[in-house]
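Data block below; observations after.
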Amino acid sequence: MLVQGPDAPDERHLRVRVRFDNAGGTELRFVDQRMFGGLSYAEGGAELPHEIAHIARDPLDPAFDEAEVTSRVRRRTSGIKRLLLDQGLVSGVGNIYADEALWRARLHGERRGDRLRRTDVAEVLAAVRAVMTSALEVGGTSFDALYVNVNGESGYFDRSLDAYGQEGRPCARCGTPIRRVAFMNRSFVMAKALLGHTGAADPRVTARLAADNRQLRQRVADLEAYVVRLQAENDQLAAAARADDEALLPL
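With full-length UniProt numbering applied, the sequence shown closes on residue 251, and no number is skipped along the way.
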């Protein structure tokens with residue numbers, strides 16, 4: 001989704017444009033290169049439209065129920081990476097961030113949910129929060145000019161990746177080569193030392209991730225306060241624009 005001025009040239013993969021006449025013709029554009037996305041319009045002012053009611057909360061949401069998610073993960077026989085990508089269980093985690101979180105938690109992506117300890121799930125969820133927060137701070141992960149935020153700005157988290165896209169390079173932690181493993185219609189990556197390992201994650205990571213998680217929760221709270229301030233400023237600008245429009249109307 002991009003916010004563009006009315007005179008901005010069309011993007012190559014522009015699918016839908018919404019023009020706001022009360023905002024000087026500013027447009028909200030839906031640009032989808034890979035055709036993975038979708039756009040729905042819900043009438044009636046529903047707080048949660050039924051089109052997205054099946055999507056779970058993301059791990060940075062203050063209302064995220066970690067105990068419930070942990071219980072559901074441990075009842076499933078799918079591998080932990082497949083579970084992280086299940087938007088009905090945990091939302092907001094894609095292929096890149098799943099690989100990064102699993103690398104940080106030292107978990108094999110095919111480790112079955114019903115074979116994970118509660119501490120294993122806690123570690124990988126803490127790692128997910130750490131990865132997502134770090135990515136948000138630098139604008140996300142952009143591999144080309146089409147991966148941008150709503151203002152058309154690229155993110156720089158690709159410079160901090162430890163697992164995704166690092167195939168063939170030495171693992172930053174153990175030094176063994178990063179290997180690619182076939183997964184569904186895509187893949188996941190891990191250090192060679194973890195290949196074939198579906199046992200428990202290294203317990204030494206627990207204390208470190210717990211400390212990281214406390215710091216990240218504070219950083220998330222700071223980001224949420226920043227978003228609230230931006231929204232308030234945006235509301236003020238919108239009110240000023242409406243006032244200007246009304247002043248120009250003929251008597």
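Idealized CB from N, CA, C, for every residue including glycine.
In this structure, T70 and A122 form a Cβ contact; the two beta carbons are roughly 7 Å apart against a cut-off of 8 Å. Taking C-beta separations shorter than 7 Å and ignoring five residues to either side along the sequence, the partners of F20 in its chain run T26, following chain order. Under the three-state reduction of DSSP output, G79 falls in the strand class.
Pairing L60 with V228 gives a Cβ-Cβ distance that is not under 8 Å. According to the DSSP assignment, E27 belongs to the beta strand (DSSP E) that extends over 26 to 31.
In the structure shown, Q231 adopts helical secondary structure according to DSSP, grouped into three states. Taking all protein chains shown into account, G94 has fewer than 16 neighbouring C-beta atoms within 10 Å of its C-beta and is therefore exposed. The beta carbon of A63 lies closer than 8 Å to those of R57 in the same chain, with the five residues before and after it left out.
One alpha carbon belongs to H50, the other to C171, and they sit about 43 Å apart.
Within the stretch 50 to 98, the complete alpha helix (DSSP H) segments of 4 residues or longer fall at 66 to 73, 80 to 84, listed in chain order. A check of alpha carbon separations from A101 across L85, R112, L89, D114 identifies L85 as the nearest. Judged by DSSP in its simplified three-state form, R117 adopts coil rather than helix or strand. Here I55 has Q87, G88, S91 as same chain residues with Cβ atoms under 8 Å from its own Cβ, once five neighbours each way along the sequence are excluded. Per the DSSP secondary-structure output, P170 pairs in a beta bridge with P177. Contact check for A163 against D99 passes: the beta carbons are separated by less than 8 Å. In this model, A240 and A23 are separated by some 11 Å (Cα to Cα). DSSP places L102 in the helix class (H, G or I) of the three-state scheme.
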